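According to my numbering, the sequence shown is numbered sequentially starting from 6. Working notes, structure below.
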Amino acid sequence: MSGAVETITQGNDAEQRAPDQTPEREIGRVISCDGGFAVLATSTLQHEVDSSDIWTIGRLITIAVGESRIVGLIYKLNSVDSDWEEKKSNTVQAQIELVGEIRDTKKGQPIFSRGIINYPPLGSVAHKIRSRDLMAIHLPYTKRSMVIGTLSQDDKIPAAVDIDSMLSRHFAIVGTTGTGKSSALALLMRKCLEARPDLRILLFDPHNEFSTAFPDKATVLSSDTLDLPFWLFQLEEFAEVVFRGREGLEEEMDALRDMIPEARAKFAAKQNAGGKTVRRTSDVGNISADTPLPYRMTDLFAQIEEEIGQLDGRHDRLVLKSLKTRLDALVNDPRYRFMFTARTVDDNITDVIGTIFRIPHNDLPITCLQLAGVPSEVVQSVISVLCRMAFELSMWSKGSCSVLVVCEEAHRYVPLDHSQGFGPTRLSIARIAKEGRKYGVHLGVVTQRPGELDPTILSQCSSVFALRLANDSDQDIIRSAISDSSASTISFLSSIGNREAIAFGEAIATPMRMQFMELRKEFLPGAEIFKTAEADPNNPPDIDLNTIIGKMRGMHE
């Protein structure tokens, strides 16, 4: 199936509704309407229409009102009679939500709109929806609409999203573990790049499962290959790495706040003296602990030693000795080599940003950052630094460098409980969510626990792909956080199948129950795990225990 959306065929086909169409197409009549909802009365054998195909939860029907057709979504069915008679007519009432209106152009092309001009009067006739009407509802008419699957109601009808709307107003993928979130994300990322070749994607991969999903599109960075110099960290981010969330260390924090600007200024002065201007001499005095200028750890250690040797220093000697011990352990810890990898510090910020954000991307626009090997104590700081850099890169490039930041397991970084997580990380992600669309930086949120995610972040995601959610509280979060959702649509979440989703929001013409298209096996996330699982049990792969233990100890080369 082509990824691009095709225009609906015009003209009179076999499904075209004639003004004098026969009663055989009738499936029910309106007996109640309150504006947003209506009730239909029908019978299971009415006019020999296959009721099992029509009267099921989640199906769409149309109600004829003059020259337009009102679209309704069935969300509840009940039998009027107390007994059910086999092979006999049974009276049924269907409760439907009115979702929009379809009108035909002069050329016979159906056009769908969400608003309803003429509500159905009592006695209005309901019909089984036509395929052309379904296509009119679910295919947005934009240049960058991409097909991502098919409708659950009719697998011949493609399900499409408007990529520009999905990106500019952010998107979320939620669902229980094992429902297909990772595969859905991989598919959406490919569709985004197909529609927007200029886009760059930074993917936070907490389980190292996406490296095989984009062999033709991605550069993979791990703790072994990532180069994120310590001097790019702002004070709070660096302190999180040094103190690892411990409280009661305010004096050591104050010492860093005083000494880091001095170390940065010393480096800048040396570079200026050597002809490598990193900052105008007149501005050196304005350097703060957060200024993204390099500094050397040797200079920082020298400052600490100098203060320890003073009789009347700014900081307590025991505090400084404790700080020096922490910093020394950090610098020599092999797990943190991605921060302290360079023996000599240089102003290589251009190379760092170019590598991480793919400038130029050289046909590899995705950066897959594997976080499984990054120490848990520093993950939050790394996410904070990169999200902050993504926002500033897009902002100062005036939108010419468009970046999509994808947070897998987003509830880790922006949890509901503000006492958990890391403040700067929360602020960096929230800034993208709230202001990113102005500058061309976009956010994709993926989580299996929407109830544990900060609702402020989720509410900024205007397009949602909700896979199966069995937890009532998670369903309530989705229902309350997204204003465009409807109770009747969300009510299906606990029973939909794998790879199936309820999609709604700015990028989708109207809420739809759909199934994502299948990716080729080699493009599935976690493909290496699948290979191991499918290996011949009588011929298992070799296990290099020394390499495994080396990685466990963080001492592998």
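Yeah, the Cβ is synthetic: ideal placement off N, Cα and C, and Gly gets one too. Since the structure is predicted, the reported quantities are computational estimates derived from the model, not experimental observations.
Please report the Cβ distance between residue i and residue j, rounded to the nearest whole angstrom; I am assuming they are in contact, meaning their Cβ atoms lie under 8 Å.
{"i": "isoleucine 462", "j": "valine 166", "result": "Isoleucine 462 to valine 166, Cβ: 20 Å. No contact."}
{"i": "histidine 175", "j": "alanine 506", "result": "Going by Cβ atoms, the distance from histidine 175 to alanine 506 rounds to 17 Å, so no, they are not a contact pair."}
{"i": "phenylalanine 427", "j": "serine 389", "result": "6 Å"}
{"i": "arginine 518", "j": "phenylalanine 497", "result": "6 Å"}
{"i": "valine 35", "j": "leucine 127", "result": "6 Å"}
{"i": "cysteine 373", "j": "leucine 208", "result": "5 Å"}
{"i": "valine 450", "j": "phenylalanine 509", "result": "The pair is not a contact, with the Cβ atoms about 15 Å apart (cut-off 8 Å)."}
{"i": "alanine 164", "j": "isoleucine 178", "result": "The pair is not a contact, with the Cβ atoms about 15 Å apart (cut-off 8 Å)."}
{"i": "alanine 471", "j": "glycine 180", "result": "7 Å"}
Name the two residues that bound the continuous beta strand (DSSP E) containing residue i.
{"i": "cysteine 38", "result": "31-38"}
{"i": "glutamate 106", "result": "96-109"}
{"i": "lysine 81", "result": "73-84"}
{"i": "arginine 473", "result": "Neither: arginine 473 is in no beta strand (DSSP E) and is coded neither H nor E."}
{"i": "alanine 189", "result": "Premise fails: alanine 189 lies in the alpha helix (DSSP H), 186-200, not in any beta strand (DSSP E)."}
{"i": "isoleucine 162", "result": "Taken as a continuous stretch (DSSP letters only), isoleucine 162 belongs to no beta strand (DSSP E), as it is neither H nor E."}
{"i": "threonine 515", "result": "Element bounds for threonine 515: n/a, residue is neither H nor E."}
{"i": "valine 225", "result": "223-226"}
Mind checking residue i: buried by the 16 CB within 10 Å criterion, or exposed?
{"i": "histidine 447", "result": "buried"}
{"i": "glutamine 453", "result": "buried"}
{"i": "tryptophan 401", "result": "exposed"}
{"i": "threonine 27", "result": "Only weak support is given to the placement of threonine 27: the predicted model assigns it a pLDDT of 47, under 50, and the value that follows is read from those uncertain coordinates. Exposed, since its Cβ has fewer than 16 Cβ neighbours within 10 Å."}
{"i": "arginine 119", "result": "exposed"}
{"i": "leucine 316", "result": "exposed"}
{"i": "aspartate 109", "result": "buried"}
{"i": "lysine 196", "result": "buried"}
{"i": "asparagine 551", "result": "exposed"}
{"i": "isoleucine 548", "result": "exposed"}
{"i": "leucine 156", "result": "buried"}
{"i": "arginine 285", "result": "Unreliable positioning characterises arginine 285 in this predicted model, as indicated by a pLDDT of 46, which lies under 50. A coordinate reading is not provided."}
{"i": "serine 287", "result": "Note that serine 287 has pLDDT 41, beneath the 50 cutoff, so the model's placement of it is unreliable and no number is given."}
{"i": "lysine 186", "result": "buried"}
{"i": "arginine 64", "result": "buried"}
{"i": "valine 85", "result": "exposed"}
{"i": "asparagine 544", "result": "exposed"}
{"i": "isoleucine 554", "result": "exposed"}
{"i": "asparagine 83", "result": "exposed"}
{"i": "leucine 226", "result": "buried"}
{"i": "alanine 23", "result": "The pLDDT assigned to alanine 23 is 45, lower than 50, so where the model puts this residue is not dependable, and the model offers no usable value."}
{"i": "histidine 143", "result": "buried"}
{"i": "histidine 366", "result": "buried"}
{"i": "threonine 184", "result": "buried"}
{"i": "leucine 323", "result": "exposed"}
{"i": "alanine 19", "result": "Below a pLDDT of 50, predicted positions are generally treated as unreliable, and alanine 19, at 43, falls in that range; no measurement from the model is reported."}
{"i": "isoleucine 162", "result": "buried"}
{"i": "arginine 251", "result": "exposed"}
{"i": "glutamine 21", "result": "Reliability of the predicted coordinates at glutamine 21 is poor, the pLDDT of 45 falling under 50, and the value obtained from them is presented with this limitation in mind. Classification of glutamine 21: exposed, given that the 10 Å Cβ count is below 16."}
{"i": "glycine 33", "result": "buried"}
{"i": "serine 293", "result": "exposed"}
Please name the residue or residues paired with residue i in a DSSP beta bridge.
{"i": "histidine 143", "result": "Histidine 143 is not bridged to any residue."}
{"i": "methionine 302", "result": "Partner(s): none; methionine 302 has no beta bridge."}
{"i": "lysine 133", "result": "Ile66"}
{"i": "cysteine 392", "result": "According to DSSP, cysteine 392 bridges with nothing at all."}
{"i": "aspartate 210", "result": "Gln375"}
{"i": "glutamine 520", "result": "Thr155 and Glu505"}
{"i": "isoleucine 116", "result": "Arg108"}
{"i": "glycine 449", "result": "Phe176 and Val411"}
{"i": "alanine 46", "result": "Arg34 and Gln98"}
Over the uninterrupted alpha helix (DSSP H) stretch that includes residue i, give me the two end residues.
{"i": "leucine 254", "result": "Looking at the DSSP string, leucine 254 is not in any alpha helix (DSSP H), and its letter there is neither H nor E."}
{"i": "aspartate 169", "result": "168-173"}
{"i": "glycine 428", "result": "428-440"}
{"i": "phenylalanine 243", "result": "240-248"}
{"i": "arginine 331", "result": "322-336"}
{"i": "valine 179", "result": "Not the alpha helix (DSSP H): valine 179 falls in the beta strand (DSSP E), residues 176-179."}
{"i": "proline 339", "result": "Proline 339 -> no alpha helix (DSSP H), and no H or E assigned at all."}
{"i": "leucine 463", "result": "460-464"}
{"i": "threonine 217", "result": "Counting along the chain, threonine 217 falls outside any alpha helix (DSSP H), and DSSP gives it neither H nor E."}
{"i": "valine 419", "result": "From DSSP, valine 419 is part of no alpha helix (DSSP H); its letter is neither H nor E."}
Taking residue i as the reference, give the member of the options with the closest Cα.
{"i": "serine 464", "options": "Asp477, Leu474, Ala475 and Ile483", "result": "Ile483"}
{"i": "isoleucine 206", "options": "Phe248, Glu255 and Cys392", "result": "Cys392"}
{"i": "cysteine 466", "options": "Ser227, Arg442 and Gly378", "result": "Arg442"}
{"i": "proline 220", "options": "Ala191, Arg201 and Ala471", "result": "Ala191"}
{"i": "serine 87", "options": "Leu78, Lys81, Val97 and Ile79", "result": "Val97"}
{"i": "leucine 432", "options": "Phe209, Phe117 and Phe396", "result": "Phe396"}
{"i": "leucine 474", "options": "Ser499, Val383, Arg269 and Ser73", "result": "Ser499"}
{"i": "proline 380", "options": "Gly154, Glu245 and Ile178", "result": "Glu245"}
{"i": "serine 129", "options": "Met151, Ala69 and Ile79", "result": "Ala69"}
{"i": "methionine 194", "options": "Leu409, Asp481 and Ser216", "result": "Leu409"}
{"i": "alanine 169", "options": "Asp159, Glu199, Ala141 and Gln158", "result": "According to the sequence displayed, residue 169 carries aspartate and not alanine. Closest option to aspartate 169, Cα to Cα, is Glu199."}
Spell out whether any CB of chain C is found under 8 Å from the CB atom of residue i.
{"i": "serine 496", "result": "Among the chains of the structure shown, chain C does not appear; only one protein chain is present."}
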